[in-house]
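*Asks:* In this note's numbering, the protein residues as written are 221 to 461.
As structure tokens, then:
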């Protein structure tokens, strides 16, 4: 029988769950009452496959894996649905809010304007490490003498830390948004950072989907994060583990 999205349902031992390809969004999530009972690593039970850390033996799941389930709280209710106000709208053009970064002023005036006015397209290189965006004009950097320790390209800087969500444009060609499994530092200028409240939106974008970047202030970003955390708290109350 077909099950509705965003709705809790009961299953019995021996029943089989099957998933179709997603029509909107890039990923489907299955939450289990009691959670997946694996050790906490750095405060999380998720898997970082590049470092073979966390999750189930630090790797991708394989056929015949048996996942241990924790003890449910007993407060779950089959048939409970997520309110529409808490559901994420998927598909169509996505607007990603960006706080301009320290190196944004290194762009030429035309490139800085183009970055926020252009419509961009998600490329085929799109995963938890980063999302590459194509289709916009090349972004040129103002000429300068490269400092000692930086590469020769104008988009290079002396190695620096990368915030999650930071945007780099190697050679000024295609913006790359670094996602949650990205490296923590490198030698490319960060022209901005997608706010934390919008990282989940990026994670559900499919290749060839359209996106626009929207400049916001730090105050806007903090307000959005506060609203995001309130939604997560509501989810925890509606669907206790």
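Backbone N, C-alpha and C define an ideal beta-carbon position, used for all residues, glycine too.
On the three-pair Cβ rule with 8 Å, is the region 355-362 touching the region 388-406?
*Replies:* These segments touch.
*Asks:* Since residue 346 is in the beta strand (DSSP E), which residue starts that stretch and which ends it?
*Replies:* It spans 340-346 - the beta strand (DSSP E) in which residue 346 sits, taken as one unbroken run.
*Asks:* Residue 422 by DSSP, collapsed to three states: which one?
*Replies:* Residue 422 falls in the helix class under three-state DSSP.
*Asks:* For the region 419-461, which segments carrying the beta strand (DSSP E) assignment without a break, of at least 3 residues, lie completely within its bounds, in sequence order?
*Replies:* Correct list: 430-435.
*Asks:* Please determine, among 443, 458, 400, 230, the residue with the shortest C-alpha to C-alpha distance to residue 264.
*Replies:* Cα-wise, what sits closest to residue 264 is 400.
*Asks:* Which whole-angstrom value describes the C-beta separation of residue 427 and residue 343, a residue pair presumed to lie in contact below a C-beta threshold of 8 Å?
*Replies:* Their Cβ separation, rounded to whole angstroms, is 6 Å, which keeps residue 427 and residue 343 in contact under 8 Å.
*Asks:* Thinking just about the alpha-carbon of each residue, which of 234, 235, 249 is nearest to the one in residue 241?
*Replies:* Per the Cα distances, 249.
*Asks:* So the candidates are 380, 419, 304, 424; which of them puts its Cα closest to the Cα of residue 410?
*Replies:* It is 380.
*Asks:* For residue 337, which three-state DSSP category applies?
*Replies:* Reduced to three states, the DSSP call for residue 337 is helix.
*Asks:* What are the residues that DSSP puts in a beta bridge with residue 314?
*Replies:* Answer is 431, bridged to residue 314.
*Asks:* For residue 418 versus residue 352, is the C-beta distance shorter than 7 Å?
*Replies:* Not a contact, by the Cβ cut-off of 7 Å.
*Asks:* What residue ranges within the region 368-423 form continuous alpha helix (DSSP H) runs of no fewer than 4 residues, ordered along the chain?
*Replies:* Runs of the alpha helix (DSSP H) inside the region 368-423: 419-423.
*Asks:* How about residue 302 and residue 226: do their beta carbons lie closer than 7 Å?
*Replies:* Contact: yes.
*Asks:* When the distance is taken between beta carbons, is residue 307 closer than 7 Å to residue 170?
*Replies:* What is shown of the chain runs 221 to 461, which leaves residue 170 out entirely.
*Asks:* Quick one: what does DSSP say residue 323 is sitting in, helix, strand or coil?
*Replies:* Coil.
*Asks:* To the nearest angstrom, how far is the alpha carbon of residue 461 from that of residue 402?
*Replies:* The alpha-carbon atoms of residue 461 and residue 402 are separated by roughly 29 Å.
*Asks:* Could you check whether residue 261 and residue 276 sit closer than 7 Å to each other, using their CB atoms as the reference points?
*Replies:* Cβ distance not < 7 Å, so residue 276 and residue 261 don't count as in contact.
*Asks:* Go to residue 353, then tell me how far its beta strand (DSSP E) extends in each direction, as first and last residue.
*Replies:* Its beta strand (DSSP E) spans residues 350-354.
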